[in-house]
Structure formats: structure tokens, C-alpha cells
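K.L.:
Each residue of the sequence shown is one higher than the one before, starting from 203 at the first, in the numbering used here. Backbone N, C-alpha and C define an ideal beta-carbon position, used for all residues, glycine too. Handing you a structure now.
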Amino acid sequence: MGTLASCSFGSVSFKLQLVPRFDDRIQVFQHLKLKKMNKGSCCCSSSFPSRAFSKGRLSFRNFCRFRCLCTNDNDVDKNEDSASNDLSVSTASPNEEEDKNTDDKSPPSVSSRPPSISPVGPPYSNFQVDSFKLMELLGPEKVDPADVKLIKDKLFGYSTFWVTKEEPFGDLGEGILFLGNLRRKREDVFAKLQSQLAEVTGDKYNLFMVEEPSSEGPDPRGGPRVSFGLLRKEVSEPGPTTLWQYVIALLLFLLTIGSSVELGIASQINRLPPEVVKYFTDPNAIEPPDMELLYPFVDTALPLAYGVLGVLLFHEVGHFLAAFPKKVKLSIPYFIPNITLGSFGAITQFKSILPDRSTQVDISLAGPFAGAALSFSMFAVGLLLSSNPDAAGDLVQVPSTLFQGSLLLGLISRATLGYTAMHASTVTIHPLMIAGWCGLTTSAFNMLPVGCLDGGRAVQGAFGRSALIGFGLTTYTLLGLGVLGGPLSLPWGLYVLICQRNPEKPCLNDVSEVGTWRKAFVMVGIVLVLLTLLPVWDELAAELGIGLVTTF
203 MGTLASCSFG SVSFKLQLVP RFDDRIQVFQ HLKLKKMNKG SCCCSSSFPS
253 RAFSKGRLSF RNFCRFRCLC TNDNDVDKNE DSASNDLSVS TASPNEEEDK
303 NTDDKSPPSV SSRPPSISPV GPPYSNFQVD SFKLMELLGP EKVDPADVKL
353 IKDKLFGYST FWVTKEEPFG DLGEGILFLG NLRRKREDVF AKLQSQLAEV
403 TGDKYNLFMV EEPSSEGPDP RGGPRVSFGL LRKEVSEPGP TTLWQYVIAL
453 LLFLLTIGSS VELGIASQIN RLPPEVVKYF TDPNAIEPPD MELLYPFVDT
503 ALPLAYGVLG VLLFHEVGHF LAAFPKKVKL SIPYFIPNIT LGSFGAITQF
553 KSILPDRSTQ VDISLAGPFA GAALSFSMFA VGLLLSSNPD AAGDLVQVPS
603 TLFQGSLLLG LISRATLGYT AMHASTVTIH PLMIAGWCGL TTSAFNMLPV
653 GCLDGGRAVQ GAFGRSALIG FGLTTYTLLG LGVLGGPLSL PWGLYVLICQ
703 RNPEKPCLND VSEVGTWRKA FVMVGIVLVL LTLLPVWDEL AAELGIGLVT
753 TF
């Protein structure tokens with residue numbers, strides 16, 4: 203990682219100092235020797251370089267360079283004196299030159315080394331800051347070296363973990379990663395190290411057990427080789443929720459309520475005034491209609507809005523119920539409004555470090571499974587009410603192409619409503635069915651195995667971070683090609699790239715396996731996601747009679 207050079211922020215004054223070039227000084231020396239042999243009459247006491255000497259005068263064009271020195275204001279006088287000494291030139295007569303040489307019995311010499319310039323002023327001024335110190339001040343607080351030595355002496359050893367190497371640990375290298383060899387079962391060693399760490403340093407550090415980076419092979423006792431990372435608690439643990447975050451969460455929730463009501467109004471498109479329908483369906487419509495025309499339809503839109511909001515809240519309740527027994531803190535949910543589905547779900551962050559990967563899988567799956575269970579219940583009840591003649595007054599008409607957007611839900615609807623009802627341009631259904639459909643689609647999007655989505659967290663906990671990379675690349679490819687989610691694939695992919703692309707941070711025990719059952723639940727969830735988001739292709743839709751499809 204590159205570093206910045208040291209920067210000086212003090213007030214400076216600039217001086218120009220003439221510094222002779224080295225080759226010119228050699229020429230001066232040779233010229234003086236020649237003059238001495240010929241008993242010349244010129245000698246320079248200040249060793250200025252010159253290309254030629256003529257009648258005791260120095261010519262020094264095109265031979266000197268400028269050096270700009272930065273000095274503090276306190277050193278201005280010293281530099282002026284030094285510069286005046288360097289610029290002084292004296293000449294001596296031939297007799298004085300010869301007498302001096304006779305008395306000293308040594309030829310005049312000019313040093314072949316360039317003049318050494320002593321540093322002007324102290325090495326650091328009052329306002330000068332080293333870049334490394336600046337990074338330490340602005341970056342996270344690092345582990346105390348004295349604590350590292352104490353931990354190595356008190357915690358690690360022959361009976362637990364023999365340390366062979368230390369490396370930086372954390373996003374900015376603010377921690378220490380201890381590499382070495384396990385002496386016992388990893389879970390027992392980790393539990394012992396955690397208890398001893400609390401006794402030695404108190405509530406100051408967090409100890410992580412992670413897979414050894416760039417390990418050449420598995421551990422002799424089975425499983426991957428492990429290392430132990432040490433971070434300060436204030437660095438590794440998420441910060442508290444601020445007032446502005448509460449305000450943002452409230453504003454997003456109000457916008458989600460509005461988008462859910464808008465979805466309920468849009469579901470009554472066959473009842474809306476023609477000018478309103480034209481404005482929302484005709485791309486050439488410019489002048490907006492009178493919004494007061496929509497007020498009579500708000501009351502009938504509320505049941506659908508309640509259903510969408512109920513699925514969202516039930517999803518978040520599932521997360522909180524799974525996190526409470528594990529003593530894991532969660533942030534407030536940040537709902538993402540969307541006019542097509544009512545909402546894209548919510549962003550919920552972990553406000554404490556997860557103890558292990560099993561906890562990560564349980565909390566991640568609890569939300570989508572809870573939301574999907576309620577959504578499917580609403581979808582099933584809506585299907586039954588759609589075929590009930592007594593509920594005809596509450597039914598709405600939707601385009602039959604809606605049922606071509608999901609392979610799983612389209613097949614279930616076709617099996618329940620029958621060929622006659624589905625083989626038409628519009629299908630009459632209950633609004634509760636729309637709420638369940640939107641809830642299942644939203645739950646499926648959030649279960650995609652990518653980034654920090656619920657599905658990404660579940661895959662990371664069940665199969666590891668490396669597996670999440672492979673699942674994520676596949677998901678991005680399918681979203682980019684429009685294979686998953688139809689017209690919603692592009693906006694959802696952009697949302698993930700902007701808000702949810704980074705994987706979850708490691709757990710305290712990020713090595714121990716989660717078990718076969720949890721892995722099976724994760725894989726079942728991914729299969730259901732694919733069946734929900736895959737559209738019904740035209741050939742199958744024409745054969746089953748889902749909508750009016752013309753194939754060539």
C-alpha cells in the first residue's frame with residue numbers, strides 16, 4: 203500500500219543558494235595546479251566553478267544551478283550569513299600566493315567532494331506531520347504492541363496454539379493475525395483463548411478464529427488450517443445508530459407506505475378514469491391529470507397496501523426473533539420503496555459481531571422464510587377467493603402477462619384457476635393474491651445469493667466466503683442477461699451493486715461448520731428463488747394457456 207510523503211504545514215521562506223557543479227570544481231583544481239606551475243597570479247578562495255579564467259576575473263555563466271531551501275522564519279538570518287560567505291570571492295597577488303605556499307609547504311587543494319549542506323532548522327517543525335502518524339491519527343486505533351507480547355506469552359503455547367508468524371489483520375491492517383499450528387480441537391482452543399483473553403486484557407479486544415489465508419493444505423486434525431485475529435472492540439464492533447439514521451429510516455418508511463398505496467391504486471386500473479390511465483400508461487402523455495380523481499380509490503387500495511406492508515414487517519420480525527436468543531443486535535430496518543412491488547424489502551444491519559456461522563445462517567434465513575410464509579398464505583387465500591362467486595365484488599382485473607413473470611406462481615395459478623380463466627387478455631383475481639405475489643417476489647429477490655442480501659449472508663455462513671464469490675458472479679450474470687426477475691432484473695441489480703454488494707464481516711468463529719441441515723435449507727431456498735424469478739417461456743405459456751401468446 204502506497205504512503206504519502208511527509209508534509210510541512212509551517213510558514214516557510216525561500217532563499218536562493220548558488221551551488222557549484224562537481225565537474226566545474228574539478229576544472230578549478232586543475233587550473234590552479236597549472237597556475238602554480240606557471241607561477242600564475244590568481245587563486246580563488248571560495249572555489250567557484252568557472253569555464254575560463256581571464257586576468258584574475260571569474261566567468262561563471264551556464265555553470266551554476268539553483269537550489270531552493272525551505273527554512274523556518276527563525277533561521278533566516280543564519281541562511282543569509284551562510285549565503286554571503288559562499289558568494290564572497292577574494293584574489294591574492296602572486297607573491298602572497300608563493301609565500302603562502304612556501305610557508306605551508308603544501309599545494310593548495312580543492313576538495314573533490316561537493317559541499318555538504320547541513321540541514322537548516324530542526325527535522326520537524328511545530329506544524330510538520332509525518333504521513334504515517336497522520337494515518338494513525340485518522341485511521342482506526344491499532345493493537346498495542348505491549349498487549350500483543352502479553353497475549354503471546356499468556357494465551358498461546360504448546361497446549362493451545364503455537365504462533366509461528368504475525369501479519370496485519372483487518373481492513374486497514376489495524377489488527378494482528380497470529381499464524382501457527384493448532385495443538386488441540388479448534389473449538390476447544392478458541393473457547394479457552396477467549397476466556398483467557400478476557401482475564402488478561404479485560405473487555406478490550408475481540409478474538410477471531412478465521413481460515414488461514416493462502417494455506418497450502420488442510421489441518422492434520424481435519425478441516426482448514428486456522429489463524430487467530432486480534433482487533434480492538436471499538437474498531438471491530440459496529441457503532442450505535444445515530445439520530446440521522448433514525449430520521450432516514452422514518453422517511454424511507456413513509457415513502458414505502460406511499461408506494462404500497464400506489465400499488466393498490468394501480469391494481470384497480472380497470473376502474474380508474476381514462477385520463478389517469480392514459481397518463482400512467484402512455485409514454486407520450488405530458489400533462490398530469492388531476493390527482494383529486496384518485497382520492498376515491500385510496501380506500502379500496504388500502505387492503506393491498508396493508509398486505510404488502512404486513513409482509514415487510516413480518517420479514518423483519520423474523521430476523522429479530524432469530525437474533526434475540528443469540529444476543530445479536532440488529533439495526534432499524536431501512537425500507538426501500540418501489541412502485542412495481544410496493545417495496546424492494548429493507549436493509550437491516552448487524553449491530554454486534556456474530557458469534558459463529560450457524561447464527562449467521564439462522565438469522566439470515568429467518569426473515570425471508572417468515573416473509574415468504576405469510577406471502578404464500580395470502581397468495582393461496584387470494585387464489586381461493588378469486589374463484590369464489592361470493593367475492594366477485596372485490597375482484598380486480600390484471601393483465602394475464604403478469605402470470606408469465608414467475609414459473610412457480612404461474613403454474614400454481616394455472617392449476618387453480620383453470621385454462622378458461624387464464625387463457626385471456628385479462629384475469630380476474632382478488633387483491634390479496636396480488637399482495638402475496640409481490641411479497642413472494644420481494645422475498646425471492648432478497649434471497650439471491652449475492653453480497654450482503656439475506657441469501658448472500660446465508661450462503662457465506664453455510665459454505666464460506668469463497669463460495670459466495672462464485673454464487674455472486676453467477677447471480678450478477680443472470681440479472682444482467684434479464685434471466686431472473688424479468689423487467690425488474692436491471693433495477694434490482696443496480697440496487698445490489700450500490701447498497702448491498704459487500705459481503706458480511708467475519709464471525710468470531712468463522713471456521714466451524716454449520717451442519718448438513720442448515721446447508722440443505724439454504725439450497726432449498728435458492729432453488730425456490732430460481733423457480734420464483736424464472737419467467738414462463740412463450741412455448742410453455744402457449745401450451746398451458748397462460749395468457750394469449752402467439753408463437754411462430
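Quick check: the Cα distance between D564 and L733, rounded to an integer number of angstroms?
P.N.:
Taking the straight line joining both Cα atoms gives about 22 angstroms.
K.L.:
May I ask you to list the residues that DSSP assigns as paired with T628?
P.N.:
Answer by DSSP bridge pairing, in chain order: P601.
K.L.:
Look up R434 in the DSSP assignment and give the residues it is bridged to.
P.N.:
Answer by DSSP bridge pairing, in chain order: Y407.
K.L.:
From this set, V600, L692 and L379, which residue's C-alpha is nearest M635's C-alpha?
P.N.:
M635 has its Cα closest to that of V600, out of V600, L692 and L379.
K.L.:
Check for me: the beta strand (DSSP E) holding S545 runs from which residue to which?
P.N.:
Where S545 is concerned, the enclosing beta strand (DSSP E) stretches over G544 to I549.
K.L.:
Check this for me: beta carbons of P539 and D656, under 7 angstroms apart or not?
P.N.:
Cβ atoms of P539 and D656: not closer than 7 angstroms.
K.L.:
Let me make sure I understand the geometry here. Which of F581, K387 and I471 has the alpha-carbon closest to that of W639?
P.N.:
Taking only the C-alpha atoms, the option nearest W639 is F581.
K.L.:
Which stretch, first to last residue, makes up the beta strand (DSSP E) that contains W364?
P.N.:
Where W364 is concerned, the enclosing beta strand (DSSP E) stretches over F363 to F371.
K.L.:
Determine the burial state of L452: buried for a count of at least 16 other Cβ atoms within 10 Å of its Cβ, exposed for fewer.
P.N.:
So L452 ends up on the exposed side.
K.L.:
What do you get for M649, buried or exposed, if any count of 16 or more other CB atoms within 10 angstroms of its CB means buried?
P.N.:
Burial call: buried.
K.L.:
Which word fits Y407, buried or exposed, when buried means at least 16 other C-beta atoms lie within 10 angstroms of its C-beta?
P.N.:
So Y407 counts as buried.
K.L.:
Using only alpha-carbon positions, find the residue among E376, A568 and S361 that is nearest to D346.
P.N.:
Checked all of E376, A568 and S361; the closest Cα to D346 is E376.
K.L.:
On a CA-only basis, which of L735, I534 and L543 is nearest I552? Give me that one, please.
P.N.:
According to the sequence shown, residue 552 is Phe rather than Ile. Checking every option, the nearest Cα to that of F552 belongs to I534.
K.L.:
Would you give the residue range spanned by the beta strand (DSSP E) that Y536 belongs to?
P.N.:
Residues Y536 to N540.
K.L.:
Would you decide whether T622 is buried or exposed? Buried here means 16 or more other CB atoms lie within 10 Å of its CB.
P.N.:
Burial call: exposed.
K.L.:
Considering only residues of the same chain and omitting the five flanking positions on each side of G382, which have a CB-CB separation below 8 angstroms?
P.N.:
For G382, where only same-chain residues beyond five positions count, the Cβ hits under 8 angstroms are F358, F363, W364, V365, T366, K367 and S429.
K.L.:
Apply the 10 Å Cβ neighbour rule to W739 and answer buried if 16 or more other Cβ atoms are within range, or exposed otherwise.
P.N.:
When all chains shown are included, W739 counts as exposed.
K.L.:
Looking at the secondary structure, which residues open and close the alpha helix (DSSP H) in which L730 lies?
P.N.:
T718 to L735 is the span of the alpha helix (DSSP H), which, as asked, contains L730.
K.L.:
Flag this pair as touching only if the region 462 to 480 and the region 403 to 417 have three or more C-beta atom pairs under 8 angstroms; answer yes or no.
P.N.:
They do not touch, by the three-pair rule.
K.L.:
Go ahead and pull the three-state DSSP assignment for F526.
P.N.:
Three-state result, F526: coil.
K.L.:
Looking only at its own chain, which residues have a Cβ that is under 6 angstroms from the Cβ of K528, when we skip the five neighbours before and after it?
P.N.:
Around K528: T561.
K.L.:
Counting pairs of Cβ atoms below 8 angstroms between the region 436 to 449 and the region 541 to 559, do you hit three or more?
P.N.:
The region 436 to 449 vs the region 541 to 559: in contact.
K.L.:
Three-state secondary structure (DSSP) at G377?
P.N.:
Strand at G377.
K.L.:
Taking DSSP as the reference, what is the three-state secondary structure of K280?
P.N.:
Residue placement at K280 is flagged as unreliable, the pLDDT there being 43, under the threshold of 50; the coordinate-derived value follows with that caveat. Looking at K280 - three-state DSSP - the assignment turns out to be helix.
K.L.:
Can you list, in chain order, the residues of its chain with a C-beta nearer than 7 angstroms to that of S770? Leave out the 5 residues immediately preceding and following it.
P.N.:
Since the first residue shown for the chain is 203 and the last is 754, residue 770 is missing from the structure and cannot be characterised.
K.L.:
Kindly indicate which residue of H625, A722, A637 and W694 has the alpha-carbon position closest to the one of A664.
P.N.:
It is A722.
K.L.:
For M411, does the count of other Cβ atoms within 10 angstroms reach 16, so buried, or fall short, so exposed?
P.N.:
Its Cβ being crowded by 16 or more others within 10 Å, M411 is buried.
K.L.:
How about E369 and L379: are their beta carbons less than 7 angstroms apart?
P.N.:
Yes.
K.L.:
Hey, could you find the ends of the alpha helix (DSSP H) Y678 is sitting in?
P.N.:
Start and end: R667 to G682.
K.L.:
For F516, collect the residues of the same chain with a Cβ closer than 6 angstroms to its Cβ; drop the 5 residues on either side in sequence, then sort them by chain order.
P.N.:
If we look at F516 and ignore the five residues flanking it on each side, its Cβ neighbours are A572, G573 and L576.
K.L.:
With DSSP run on the structure shown, which of helix, strand or coil describes D558?
P.N.:
Correct three-state label for D558: strand.
K.L.:
According to DSSP, which residues form a beta bridge with N648?
P.N.:
According to DSSP, which records beta bridges pairwise, N648 is partnered with nothing at all.
K.L.:
From L523, P633 and L586, pick the residue whose C-alpha is nearest to that of G509; which is it?
P.N.:
It is P633 whose Cα lies nearest to the Cα of G509.
K.L.:
Give the DSSP-derived three-state secondary structure of F552 in the structure shown.
P.N.:
Strand.
K.L.:
Which of the three DSSP states is assigned to S295 in this structure?
P.N.:
Because the pLDDT of S295 is 44, which lies under 50, any placement of that residue in the model is unreliable, and the question is left without a value.
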